[in-house]
Structure formats: C-alpha cells, structure tokens
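A short worksheet on the structure shown next.
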Amino acid sequence: DQQVKQNSPSLSVQEGRISILNCDYTNSMFDYFLWYKKYPAEGPTFLISISSIKDKNEDGRFTVFLNKSAKHLSLHIVPSQPGDSAVYFCAATQASGGGSQGNLIFGKGTKLSVKP
Amino acid sequence: DVKVTQSSRYLVKRTGEKVFLECVQDMDHENMFWYRQDPGLGLRLIYFSYDVKMKEKGDIPEGYSVSREKKERFSLILESASTNQTSMYLCASSPWLGSNEQFFGPGTRLTVL
C-alpha cells in the first residue's frame with residue numbers, strides 16, 4: 336500500500352506561471368518531507384525539505400507547504416522556467432526515532448513540463 | 164560536495180549473466196541504498212546498509228543481493244539477470260545522524276536481453 340502518493344503523473348504549465356505539485360501521505364508517523372528533482376539519465380537531486388514543526392519552507396522560487404491535518408504537501412514553483420522541466424519526487428521519513436534510520440519513502444513522481 | 168559515483172552509466176547484459184553494479188561515496192556516510200526506478204513506479208528500495216557488512220532488505224529484494232565490505236562502497240549483485248530487471252538503478256548515501264537527505268549517484272541504465 337502506497338504511503339506516499341503523487342496522484343498527478345504529469346503537469347504542463349506555461350513559462351512564468353506557477354507550478355503546483357501535490358503529494359499526499361498516509362503514515363501519521365512521517366515527520367520530515369523532501370522534494371527531489373530528476374532529469375532523464377541523471378540521479379535525483381535534493382530540492383527542498385520541510386519538517387513537521389513547520390507549515391511552510393521557502394527557498395528562492397521554490398516553496399513547500401505542509402498541511403498535517405490533511406496529510407498533504409505541495410511544492411510551488413514561481414515563476415516556472417523551462418529548465419524546471421523534470422520529474423519531481425516527493426519523499427517522506429520518520430526522522431524522530433523509529434526504525435527507519437534514514438529510509439525515505441518516495442512517491443511515484445510527477446513529470447513537469449514548462450513550455451516557453 | 165558529496166560525490167556518489169556508479170561504475171557504469173549504461174550496461175547491457177544477457178539473461179542468466181551475473182551482474183555487478185558498484186557504488187562509491189566519498190563523504191564517509193554510514194548509510195547506503197540501492198533503488199530501481201521504473202516509469203510509473205517511482206523509486207523502489209531494493210537493499211540498504213547502515214554499516215560495513217550490514218545489510219537490510221528493502222521493498223523489492225527478490226533477485227538481488229548486496230555487499231558492503233568497505234564503508235565507502237556498496238555493490239548490488241544480480242545473481243542471474245532476467246529481462247524484468249531491465250531498469251535504471253540508483254545508488255544513494257546519507258549520514259547516520261544530522262541529515263535526512265540522501266545523495267544520489269547518476270544512475271546505471273541496465274538492459275537485460
């Protein structure tokens with residue numbers, strides 16, 4: 336059973352507009368969330384993260400929002416650029432104790448296409 | 164900068180061959196991971212290791228084994244490659260404490276004919 340879900344396999348936006356990528360999780364023990372970006376034929380690279388003690392984290396054009404009650408997070412990219420076209424993976428972990436010991440649970444990814 | 168390297172970017176093998184995928188990290192990380200990535204399935208964890216000579220099964224260990232004889236090196240072994248193991252294989256590492264971020268290598272695209 337999927338613990339981290341990215342229900343949109345793909346998203347297409349116009350350059351300069353906002354991209355919103357969504358992620359839902361089912362395990363209430365998850366307390367740390369990450370977004371990774373992956374270009375074809377390359378490994379994923381870390382983009383931004385958020386701890387469950389926050390509801391928002393911002394880094395330049397990228398902002399992640401966390402709604403713990405809804406078990407939902409979203410990644411906002413403003414403004415979107417053609418170079419942002421990639422697959423974005425949401426990941427979650429139980430950072431505080433537990434047996435996961437650094438294991439990340441990944442969603443299936445959303446392919447973002449930013450059109451010029 | 165953390166560097167995770169994988170021995171091959173592209174590999175073509177025949178069914179039944181024994182395949183070794185090597186991964187090396189240079190940041191003295193305790194944790195190392197092997198994933199495979201398939202379209203529509205995301206990243207699935209095959210095996211991971213917390214320390215030298217230690218290994219744990221991930222979500223899809225069947226058909227794979229691993230070896231970690233040195234801290235910096237984590238090998239994935241396909242004992243008898245099959246066509247359904249054609250995939251992108253990704254290695255990652257992370258420190259034991261202080262960070263939840265995993266650092267990924269560039270991946271190995273394995274094709275089994």
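The listed protein sequences derive, respectively, from chains A and B.
Residue 336 is where the first sequence starts when you use our numbering, and the numbers rise one by one after that.
Residue 164 is where the second sequence starts when you use our numbering, and the numbers rise one by one after that.
The beta-carbon is built from N, C-alpha and C at its ideal position, and this holds for glycine as well.
The beta strand (DSSP E) enclosing residue i, as first and last residue numbers
i	result
ALA255(B)	250 to 257
THR271(B)	271 to 275
LYS450(A)	445 to 450
SER354(A)	354 to 360
LEU382(A)	380 to 386
ILE412(A)	407 to 412
SER238(B)	236 to 241
ARG172(B)	Careful: ARG172(B) lies outside any beta strand (DSSP E) and carries neither H nor E.
LEU369(A)	367 to 373
Chain-order list of residues whose beta-carbon lies under 6 Å from that of residue i (same chain, five-residue window excluded)
i	result
LEU369(A)	SER384 and ALA426
GLY434(A)	Here GLY434(A) scores only 49 on pLDDT, less than 50, and its place in the model is too uncertain to base an answer on.
TYR367(A)	SER386, THR428 and ALA430
LYS372(A)	THR380, LEU382, ALA421 and TYR423
LYS446(A)	SER345 and VAL422
PRO258(B)	HIS192
LYS450(A)	GLN349
Secondary structure of residue i, DSSP reduced to three states
i	result
GLU205(B)	Rather than Glu, the amino acid found at residue 205(B) in this sequence is Gly. DSSP places GLY205(B) in strand when its eight states are reduced to three.
ASN342(A)	coil
THR178(B)	coil
ASN247(B)	helix
ASP394(A)	strand
ASP189(B)	coil
ASP214(B)	coil
Residues of its chain near residue i, where Cβ-Cβ distance is below 8 Å and the 5 sequence neighbours each way are ignored
i	result
ASN342(A)	ASN357 and ASP359
THR249(B)	LEU273, THR274 and VAL275
LYS216(B)	ARG231 and GLU232
Neighbourhood of residue i by C-beta distance below 7 Å, restricted to the same chain and skipping five residues each side
i	result
SER170(B)	LEU184 and GLU185
VAL187(B)	THR168, GLU235 and ARG236
GLU377(A)	none
Interface residues of the stretch 347 to 364 of chain A facing chain B [CB-CB below 7 Å]
none
Of all the residues that make up the stretch 221 to 250 of chain B, which are near chain A by a beta-carbon distance shorter than 7 Å?
none
Residues of the stretch 377 to 393 of chain A in Cβ contact with chain B at a cutoff of 8 Å, in chain order, please.
GLU377, GLY378, PRO379, THR380, PHE381 and SER384
Output needed in chain order: residues of the stretch 398 to 411 of chain A with a Cβ under 7 Å from some Cβ in chain B.
none
Using a beta-carbon distance cut-off of less than 7 Å, what residues from the stretch 167 to 190 of chain B approach chain A?
none
Could you say if the stretch 173 to 183 of chain B and the stretch 236 to 244 of chain B meet the contact criterion of at least three C-beta pairs nearer than 8 Å?
yes
Are the stretch 439 to 450 of chain A and the stretch 384 to 395 of chain A touching by the rule of at least three beta carbon pairs closer than 8 Å?
no
So if I threshold CB-CB distances at 7 Å, which residues from the stretch 418 to 450 of chain A count as touching chain B?
PHE424, THR428, ALA430, GLN436, GLY437, ASN438, LEU439, PHE441, GLY442, LYS443 and GLY444
At a cut of 8 Å, does the stretch 201 to 210 of chain B reach the stretch 223 to 234 of chain B through at least three beta carbon pairs?
yes
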